[in-house]
Each structure stands twice: as C-alpha cells, then as structure tokens.
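The next block holds one structure in the form of structure tokens; read it before the comments.
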Amino acid sequence: MKKALLVAIAVLLLLVPLLHFAFPPGHPLHLSEFYVGLLGKFLCFAICALALDLIWGFGGILSLGHGLFFALGGYGMGMYLMRQIGRDGQYQAELPDFMVFLNWKSLPWHWALSDSLVGQIFLALAVPGLLAAVFGWFAFRSRIQGVYFSIITQALTVAAMLLFFRNETGFGGNNGFTDFKRIAGLAITSPGMKVGLCMASGVALIACYLIARWLTNSRWGRILQAIRDAEGRVRFLGYDPVAFKLSAYVISALMCALAGILYVPQVGIINPSEMSPAASIEMAIWAAVGGRGTLLGPVLGAFFVNGTKSVFTVWWPEGWLYVLGALFIAVTLFLPTGLVGLARRFKK
Amino acid sequence: MTPELLEAGSEARSRALTRIATAGEPIFNQGVALYVEDLKVAFDGFQALGGLSFTVGVGELRCVIGPNGAGKTTTMDCITGKTRPDSGRIYFGSNLDLRQMSEQQIARAGIGRKFQKPTVFEALTVAENLELALAGDRRASFAMRARLNGEQRDRLDELLKTVHLAEERERVAGLLSHGQKQWLEIGMLLAQDPKLLLLDEPVAGMTDEETERTAELFLSLEGKHSLVVVEHDMSFVATLASTHRTVTVLHEGQTLAEGTMAAVQADEKVIEVYLGR
Amino acid sequence: MLRALGAARVSLAWIFMIKRLLLGWLLALGAVSAWALSPELASRIAAGEGDDRVAALQQALAAGDESLGPFLRALQDGRVRVKGGQALVIAEGVMAPADAEEPMLNNRMRREIEAALAGLDLLSKDRATRAKALATLRDAADASKLALFEKALAAESDGELRSQLNSLVAGAKLSSADPGQRRAAAAELAGSADPATRALLLEKLGAETDPGAKVAMQRTVDNIGARLAWGERAQLLFSGLSLGSVLLLVALGLAITYGLMGVINMAHGELLMVGAYATYCVQQGFRAWAPGAFDYYLWVALPASFLAAALVGAAMERTVIRWLYGRPLETLLATWGISLVLMQAVRTLFGAQNVAVENPSWLSGGWALLPNFTLPYNRLAILAFAALVLVGMALLLAKTRLGLMVRGVTQNRRMAACVGVNTARVDTLAFALGSGIAGLAGCALSQIGNVGPDLGQSYIVDAFMVVVLGGVGQLAGTVYAGLGLGVLSKLLEGWQGAVLAKIALLMLLVLVIQKKPQGLFALKGRAVE
Chain A
930 MKKALLVAIA
940 VLLLLVPLLH
950 FAFPPGHPLH
960 LSEFYVGLLG
970 KFLCFAICAL
980 ALDLIWGFGG
990 ILSLGHGLFF
1000 ALGGYGMGMY
1010 LMRQIGRDGQ
1020 YQAELPDFMV
1030 FLNWKSLPWH
1040 WALSDSLVGQ
1050 IFLALAVPGL
1060 LAAVFGWFAF
1070 RSRIQGVYFS
1080 IITQALTVAA
1090 MLLFFRNETG
1100 FGGNNGFTDF
1110 KRIAGLAITS
1120 PGMKVGLCMA
1130 SGVALIACYL
1140 IARWLTNSRW
1150 GRILQAIRDA
1160 EGRVRFLGYD
1170 PVAFKLSAYV
1180 ISALMCALAG
1190 ILYVPQVGII
1200 NPSEMSPAAS
1210 IEMAIWAAVG
1220 GRGTLLGPVL
1230 GAFFVNGTKS
1240 VFTVWWPEGW
1250 LYVLGALFIA
1260 VTLFLPTGLV
1270 GLARRFKK
Chain B
17 MTPELLEAGS
27 EARSRALTRI
37 ATAGEPIFNQ
47 GVALYVEDLK
57 VAFDGFQALG
67 GLSFTVGVGE
77 LRCVIGPNGA
87 GKTTTMDCIT
97 GKTRPDSGRI
107 YFGSNLDLRQ
117 MSEQQIARAG
127 IGRKFQKPTV
137 FEALTVAENL
147 ELALAGDRRA
157 SFAMRARLNG
167 EQRDRLDELL
177 KTVHLAEERE
187 RVAGLLSHGQ
197 KQWLEIGMLL
207 AQDPKLLLLD
217 EPVAGMTDEE
227 TERTAELFLS
237 LEGKHSLVVV
247 EHDMSFVATL
257 ASTHRTVTVL
267 HEGQTLAEGT
277 MAAVQADEKV
287 IEVYLGR
Chain C
433 MLRALGAARV
443 SLAWIFMIKR
453 LLLGWLLALG
463 AVSAWALSPE
473 LASRIAAGEG
483 DDRVAALQQA
493 LAAGDESLGP
503 FLRALQDGRV
513 RVKGGQALVI
523 AEGVMAPADA
533 EEPMLNNRMR
543 REIEAALAGL
553 DLLSKDRATR
563 AKALATLRDA
573 ADASKLALFE
583 KALAAESDGE
593 LRSQLNSLVA
603 GAKLSSADPG
613 QRRAAAAELA
623 GSADPATRAL
633 LLEKLGAETD
643 PGAKVAMQRT
653 VDNIGARLAW
663 GERAQLLFSG
673 LSLGSVLLLV
683 ALGLAITYGL
693 MGVINMAHGE
703 LLMVGAYATY
713 CVQQGFRAWA
723 PGAFDYYLWV
733 ALPASFLAAA
743 LVGAAMERTV
753 IRWLYGRPLE
763 TLLATWGISL
773 VLMQAVRTLF
783 GAQNVAVENP
793 SWLSGGWALL
803 PNFTLPYNRL
813 AILAFAALVL
823 VGMALLLAKT
833 RLGLMVRGVT
843 QNRRMAACVG
853 VNTARVDTLA
863 FALGSGIAGL
873 AGCALSQIGN
883 VGPDLGQSYI
893 VDAFMVVVLG
903 GVGQLAGTVY
913 AGLGLGVLSK
923 LLEGWQGAVL
933 AKIALLMLLV
943 LVIQKKPQGL
953 FALKGRAVE
C-alpha cells in the first residue's frame, strides 16, 4: 500500500505541470494557478504533519510548538525575498519598506546574509534546528514528560510570537513580510514559478517521507518507539533516551523549517500569526486524523483537514471552527488510529 | 572535624576512581560482586531502608526474601540508580561507586534488572525486543545505521531457544501471555550479558512448569554471572537456595537474618516476623 | 464668491446688524451682563493671527470682562462670524450672513480658549465648576495667568481647592521671566507630593538657563521624588497583588481539574468566557427589566456565572472528558476542540466584537491614599473575592462530604468505588466545581477588562503557568504561584514593558520546570513511573 501511494504522489506531481501548461485556462482539464498554489501549500503542510508523526506518533512527544520552526523557516526565506524586492517597494529604497517606515538607516546584523539565497536557506534551517537542539536538550535532560512538555512548547511559541510582533525585532512587526517580487532573478508571478515551487514541495515531501521511513525502520526508530512505550525500561537497557528524543526533535524541526521555506514563496506572506499556539495545535490534529505512527496517515490527514477547511471557508466560513472543533473531539474519542486505522479495519 | 574530612576524602577518592572506571569495567579481584553498606533511604518521613548491609560474592546465587514493605524493591532501585539513597555505600566490584553513576551507566557497567511487572516493549516483536537488549554500542547515531551481524544473529537465536520463544519471534510482544512476557524479559536481561542480575519476583504469575524451567535457567547461570533473586514463592526459593546457598531475610529496611535455608527457617526472629507476634 | 453676492448682501447685512443690536439690547435688558467686551478685542480674538490673537485673549481675560465667557463659548460653538473687521455673534437658530467669514480655530487657539474659559470658571460661585476648572488649568499654568490665579486665590475659601491653586500659582511663577522669582517658586514647591508638580518642574528644568534656579528646581524635584517613591512602590505592589489575585481566581478552577483530577482542560479559558458572558446577560436583563436595581446586578450575576460555567463544564465532562481519563494528551486535544466550538458559538450568539460590561456604581472609582497611589474599588473587591473563593474551596475540600469524596476518588479510584462512592457522579461534580469557579473568575474579569470571545485565550497560558509552576496536588502551591507570578509580572513590566515581561516569564517557566519538573510546591513521594 505504501509503495502504491508513493507512486500515486509522484504521478500526481508529474500531472501538475502537464495539466497547467498543456491546457489553456477555461479548459475543463486545466489546473489553474490557484489550485497549483493550493496543492503546493498542502504539500508543505503534509511535511509538517510527517514531522509531527515522527516525534509524536513514534516518539510519544506531543510538541505543540512546531509551528514555530515552520514559521522560522518561513521568515528565513522571507528575508531573502524581501531583499529581492530591491528598489521596487513602496519607498523605492535600498532597505525593505518596513525598515524605511521605522526610520532605520541600515540593515540590522541578523540580515547580514539576506542577499544570498543559499545563505538564507542555510539560516532558515540552522536557526530552528539550533533552537530545537537547545530547547530539546534542556527539556529532555530534565525529563519533562507528556503534558508538561506540551505546555512549555506552547509557552515557547507564544513567547516567540510576542517577540516577532514587536517592530524592534526587525522582522516586520505584526505585518510581517509580504509583497514579494523575485526569486533568484525570476519573477515570482512568472507562469513556471508556481508550478516549480509546487513540484519542489512535492519532491521535498517525498524526500522527507523516505528519510522518515528509513529512520523508523532502523534500530533507532525501534528504540524511539520503545522510549515512547517504556522510557524507564530503555534506560535500564543502557540507552540514553535524551539522545534519541533530541535527534528526533531536531530532525522533525528541520523538516518543518524546510516546509516553511517552500511555503512562503507560494503563499506570498509570512507574519507572526504562523507562530500562534492554534497553528501548532492544528498540526497535531492533521497527524491524529490521518493516523499516528504510520507516516503516510498524517500526510493524508493534512490533505483531508486542509481540504475540508478550504471547502468550508468558501461555503460556510463561520462553520469551519465548529467542524474543526468537532474533528478534534471525534478523532480523540472515536478514531484514535485515524483514517488509516479505519481503512485497515475495513480491509479486515 | 576529622571524621568529616576522612569522609570527604574517601568520597572524593571514590568519585575519582569511578570517573576512571565508568569508562571501564568493574574489578572483581576481591571476590565481591556487590557490596552494600548501611544503606538508608527515607520517603517523606517514612524510613524505607534503615541501614541495610549485605554482600554478594562473584558468581553467587543469592535469594532475598522478606514480607511486603521490607525494602526489597527499594534496595533494587538504589542499586540500579533509580532512587538515590540518603546515606550508605553501594559498590559494584571493588571500584565502581554506584551512587555516582546514572541509570544508563550502571546498566552499561553490567547490572541488569528484571522488574516485578513484565516491562517488555509491547509494540515491538519478540526478536526486536531482544535485539534492543543485546549488548553493543548504545549511541543514538550508531543506532540509525545499525545492522545485526552474524554473531549477533546467532546469539539472538540462542536466546530465543533458551527462553522457549523461538516460534514466537515475529509475534508482537503485546500479544504474548503473561508467563511468556516474563520469559521475554528474562531473555532481554540475558541478552545484555550482565555480570550481576537483579531479579525482582521473576516467577510471579507463572505456571508450575514455567517456574521449574526458570529455576533451571538461573541455576545454569550461576558461576558465570552473579544473581540476586527476590521472591515470595517459598518453594521456588527452596529450589534455588537448596542446602548450601545463602538466603537473606529483610525486614523493615534491614537485614534480619542471613544463612542457609534451613538456618533461616529455624531462626527465632524470622519465625516471629513471618508468623506474627 | 463673496464679491459676486455683494450688493444683495448689503441689505441682509443691515438686517443682521439690527438683529445684533437688538440682541445686545435684549441681553442688556435681561441684565445677565453688559456687553462690556470691547469690539476691538473681540475682533482681534476672532479674526486675529497667531500670537496677537492669544495676546488679545489674555488681555480680555485679565480685564475680567464678564461677557468674555459667553463670547468664547460662542466662538467654540462656531457661532461667531467676522465681517468687515467686526466680530458678530449669531444667536441660536439664526442664519449667518453669507459674506461673513467663519474664524479658523487651530489647536493652539482651542487650547487657549479652553484655558481662558477655565480661568473664568475659577471665579464661579459653584465649587464643582471651580474644581473642574482647576483640573483643566493644571497643564496650562503659565506666567501670563498669574494675575488670574492670584485673584482666584484671594477669593477662594475651600481648603482643598486653595492648595491646588497654590501649586498653580507656583507653577505660573516658575514660568516667570525673572530668574529670582523662578528660584523662589521652586523652593516654595519643595513641600509638594504631587506627581504633576514634579513633571512640571522636570519640564521647566530642561529649558532652564539660570544656574541658581536650576539648582533650586533640581533639589525640589528630588524631594518630591523621594516622597513619591513610596507611593510608586505601593502602587506597583498593589497592581501586582491585584493581577495575582486575578491569576489565582483563574487558576483555581484549573488547580481542581488538573491538580486533583489530572485533566488538562484547554477549554478552561472558554469557561471564563462563559462566566463573563453570563454576567453580560444578567446586566442586559437588569437594564431591560429592572433598571432601578442595576447596582445589584452583580449579586445575581455571580451565581449565574457559576451555574452557567458549571453546567457547561458538567456537559463537557459527561460527553467527552470521562471517556479520556488517564489519557492526558488526548484530553488536551479534545478540550482544545471544545474550546474552538465554544468560542465560535459565542461569536455566533453575541457577535465577534467585545461587549460592554459596566461596573455597578459601588465598584466605580477608587480610594486615593496618595496622589500617585489609588486603590480602585473593583480591584479591591476582586482581591477580597479571590480570598473568599479560596477559603471557600479549601473548606469545601477539607470539611465537606463532597470534598472528601473528591479527594478519595482522585487518590484511589478503585478503593473509593469499593466503598460505595459513585465515582462517575463525583467526577462530574468535581469538574463542575472547577468549571464553576472559572465562571466566577470570568465574572470578576468582566469588571476589570474587556469581554469578548477571545477572553479565554488571553488567560489560558497564564493559568497553566500558575498551575504548572505551583505544582500538582495541593492548593497552596497554586496560591503562591498565582500571587508570585502576578507581582513578578508587574515588576518586570515596569522595568521592561509588557511584551518583554511576558517573554521573560515564559522563559522563567521553562527554566523552573527544568529544575523542578513537578512544580515548585509539589508533593514529594516515591516516583512511580
């Protein structure tokens, strides 16, 4: 089943440029830019769900702050994109618009690499990775478990959100970054760009999935599951759970950061609301709806929940939160193994 | 002043020795596997251990009995590093001060423990459970690319035979019977190849046949490994201790009596405790 | 445009001139006041430019024309027109002549007019008017008004107003052109304990050039500062305690549901919201059906919010939470879902904007102990209320049968069931109790802040911080943590601002959990895995 689904995703990805370019707009088989963008967004969300499955489904660590890593990755890419606006902004200045508005005369120190795509991508991965490593080390070392851990990850993301809301932090305050123009010289609105980014997201998803599967099938993955089920016992076997949990946490943070990097150019905006606690909690529900501990389940879950959200925000916007709330309740009460578990039961 | 200085000095020396030794192995040159002296542990005012002392020789099979609340599990917790004693000394071999080591370090030094309740990893198969317990590199980075080599595969097969689970090797551990889980856990303990085995009520819930097989297994391990068996089942203890092995009786956190099974059963104090006043 | 309508206007102008004369004559007949304001001054005030305008105003003020007041008020109301260098006051209901220009009033002029009117009010017969005028003039005390102030001081009989006038006089003297006068004024003010005076002195100090006056002013500033310091410290402490009492109320319910029952309730904030909205409904009910008894609406709102929140909590427990006992992570997610539903429901029923909940009159205002230290009544009430609720809850848990059952069930469910306790019912009651207290907290919050669908969200993180920091299993921890966090939060706020304070506290939480994963005041015991 897993192979089949992988092939399906790959085929879908190849279909995207075909359907977008081969048929003109208006043709029933044409895949419009809007849907290409939507698909790209969903693919990024799927990567996040996958990351969360790694630490929650396999590691038993419910992190409710992964949105922070996603957002940091996004901000990293956003910094590059803001610089690429060049002089085409509102103020026609060297510096990004929000800096001109704040009367800043030069780039702050943390924007030093913002002219280089490679440099920023590196930062966009390194910063969340480092944050995850430091935070995780402190947390796991003091054996913070379960619910307490979830709460402090919430505290972390709220603190970061508050920090990014301030204009002085140098990330655009509560408006964030938007109005992007170019990536590496190519216009963001150029016809191939959306398709290219969508495909890149798809490739990233497949890569992350393969890495996750390799990891969970290895001894490392089995020890991680053992830690999830009986951490004390694992310690008595001579393993240090901190090392395993930390590596899982950092890898999942990097995956989320990667998703953020691909997300921002497709959506065209990043602001501190991506760091809100609600955003991180929603990631958990994608994994739960799909089916924890199955890797593919969360991918499906991400598509399912976000697809439903898109439908509702068109038909009945006020109803979406009712549906989401009900989804949380229904999945925890009735569908602990998620959609994948449901499918398996039907098979039997 | 001077006694404190002496105490501090010996603490420092033991810390230094342990630091060197934690990278290495316990030294059994004195014939002592486990040395416990005057161990005291109190929980919120309740004195769980009130000055417990005993010694286990290298290759010895020691049985420990005692009523509930005597401090048997607390002693094991202290030895394996789960609980920090308030005072007293615990030495593994003549050089490793267990009070200075973490649970992982103690496990890696060669002390294995089997818990009262079987704590196997329910989501993994029998073979995977044993694989995790096999002695070897314990680092996370190694585990990502680790594969079983031929020798390890053979050892695995051997262990599966020893614990009578060869047919169940691909079965998920959560689906085993209670007795089978106990066996799996013993198998995991053996896989660690520990020098000292701590067995906390290993035959609880087993059938008579399984109990007999367990006794055989432990007796076969004597000599190559040191064992401490905590049990309530008197017939099992009698089988293990037979006529010449030492039995330690604990009561209210202290050693009440120590000697052969016969001697202990005839001891006045033991009779009083077990039969009531 | 004016020229185009020229000739036709002349006749109109005559009509209006006659009307004005008549008006003036009528006023004279009415013996309210003689039109003693010289037309020249009036036109300079209305039609003048910049400084000359202000000077004319001051002149008129100094002259003490009684008709200045009505004229200025007319100017404020836009009933004055300037025509041919003459200022015309248009009576109510009369149309202004088309070729008369409306004078422009910029901000400065408006301020000057307000100050002048206040200055005139200083001499009013009514004490309240005088007090109000003093308050307005406090920020506009400059040398030009000195004569006016001294005149008012001579006529003032009320003691409190006299002292206020004294500082106004001193303030005016501080703006005097003579450095000697300024020095004297500064020394005179040394005995003050008024933060406004200190602010004024600091302002003047910045622009002061005379060294002698500078020294005198600095010394006075320091004196006042020392006297004020205690007031500031007290205010800070009180704010901290007040915030702490709010946090305590909010966290108390959570301490029951999480501390005692081990249920992580992410919808706790929404229970606060339910209580606050219940208060709003009761308020609206009183407004509609018993407006005379509005001041008593709180007495109905308290039990109403308790019951409303308790019912919602009981419903939550019966339908969702009871199936998830022992699975804290799932409970967390499920209750988050419930919180989303509750918030959206409130948005649907009451709208997404904040709703207005007013304090009853006996809670409005405050007790001013010092000029810079006021104890607002509503916050005092909440302090007392929090203490009451805490004591009530402690007694309930320790002394009543229900409390005993709750403690029994949470400590050993099987045994409690064996001795005949209906554990399911006790669970629901305990959860309802915790939720009800959240409702009470919501009622309290409605009295000091905004009520909107997001009320819960802003407090949930704080509530969890209190419970996590304070430790699980006993109420004392919650109390210490709540009060401690409140005071600490305010101290940090004063030092670095609200946002950084919040961040610092969150980081503190993370660090404390490192050292003491079970909270600061947790019960010790054998660690059971």
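So the sequence lines, in the order shown, correspond to chains A, B and C. Each residue of the first sequence is one higher than the one before, counting from 930 in our numbering. Each residue of the second sequence is one higher than the one before, counting from 17 in our numbering. Each residue of the third sequence is one higher than the one before, counting from 433 in our numbering. Using N, Cα and C, we set each Cβ at its ideal position, and we do this for glycine too. Keep in mind that this is a model prediction, so the values were computed, not measured.
Between the region 794-808 of chain C and the region 704-724 of chain C, the count of C-beta pairs closer than 8 Å stays below three; the two stretches do not touch. For the pair residue 873 of chain C and residue 681 of chain C, the CB atoms are nearer than the 9 Å cut-off. The residue among A/1224, A/1250 and A/973 with its C-alpha nearest the C-alpha of residue 1144 of chain A is A/1224. Straight-line spacing of the CA atoms in residue 611 of chain C and residue 786 of chain C works out to 54 Å. Cα atoms of residue 1276 of chain A and residue 214 of chain B: separation of roughly 45 Å, rounded to the nearest angstrom.
When DSSP assignments are scanned along the region 962-1026 of chain A, the uninterrupted stretches of alpha helix (DSSP H) that are 4 or more residues long and fall wholly within it turn out to be 962-981 and 995-1013. Using a Cβ distance threshold of 9 Å, residue 246 of chain B and residue 81 of chain B count as a contacting pair. In the DSSP annotation of this structure, the continuous segment of the alpha helix (DSSP H) that includes residue 540 of chain C starts and ends at 539-553. Ranked by Cα distance from residue 1210 of chain A, the first of A/999, A/1059, A/1229 and A/1123 is A/999. In this structure, the straight-line span from the alpha carbon of residue 1028 of chain A to that of residue 116 of chain B is close to 55 Å. About 7 Å separates the beta carbons of residue 127 of chain B and residue 95 of chain B, which is inside the 8 Å limit, making them a contact pair. The region 505-536 of chain C is shown to contain no whole alpha helix (DSSP H) run of 4 or more residues. Straight through space, the alpha carbons of residue 969 of chain A and residue 1130 of chain A are spaced by roughly 6 Å. Counting only runs of 4+ residues, the alpha helix (DSSP H) found wholly inside the region 1065-1113 of chain A occupies 1075-1094, in chain order. Per DSSP, the continuous alpha helix (DSSP H) segment holding residue 1252 of chain A begins and ends at 1249-1263. The C-beta of residue 744 of chain C comes no closer than 9 Å to any C-beta of chain A.
Bridge pairing for residue 883 of chain C: C/787 [DSSP]. Around the CB of residue 1167 of chain A, 16 or more other CB atoms lie within 10 Å, so the residue is classed as buried.
Excluding sequence positions up to five before and after residue 1073 of chain A, its CB lies within less than 8 Å of the CB of 1081, all in the same chain and listed in chain order. Residues of chain A with a Cβ closer than 7 Å to the Cβ of residue 766 of chain C are, in chain order, 1257, 1258, 1261 and 1262. Under the three-state reduction of DSSP, residue 154 of chain B is assigned to coil, being neither helix nor strand.
Against chain C, a Cβ distance below 7 Å from residue 1075 of chain A picks out 760 and 761.
Separation of residue 911 of chain C and residue 868 of chain C (C-alpha to C-alpha, rounded to the nearest whole angstrom) is 18 Å. For residue 1181 of chain A, no CB of chain C lies under 9 Å from its own CB, so it is not counted at the interface with that chain. The beta carbon of residue 96 of chain B sits closer than 9 Å to some beta carbon of chain A. Under the Cβ distance rule, residue 1072 of chain A counts among the residues neighbouring chain C, one pair being separated by less than 9 Å.
Around residue 1123 of chain A, the same chain offers 962, 965 and 966 as residues with beta carbons nearer than 6 Å, after the five sequence neighbours per side are excluded.
Ranking B/190, B/226, B/234 and B/184 by CA distance to the CA of residue 206 of chain B puts B/234 first. In this structure, residue 75 of chain B lies near residue 49 of chain B, with their beta-carbon atoms less than 9 Å apart. Annotation: the continuous alpha helix (DSSP H) that includes residue 1192 of chain A extends over 1170-1196.
Residue B/211 holds the alpha-carbon nearest to the alpha-carbon of residue 47 of chain B among B/266, B/165 and B/211. Segment contact: the region 152-167 of chain B against the region 98-110 of chain B, fewer than three CB-CB distances shorter than 8 Å; contact not assigned.
Excluding the 5 residues flanking it on each side, residue 1138 of chain A has same chain C-beta neighbours closer than 8 Å at 935, 979, 1224, 1225 and 1228, in chain order. Taking C-beta separations shorter than 7 Å and ignoring five residues to either side along the sequence, the partners of residue 725 of chain C in its chain run 718, following chain order.
Only exposed fits residue 954 of chain A, as fewer than 16 other CB atoms lie within 10 angstroms of its CB. In this structure, residue 888 of chain C lies away from residue 764 of chain C, with their beta-carbon atoms at least 9 Å apart.
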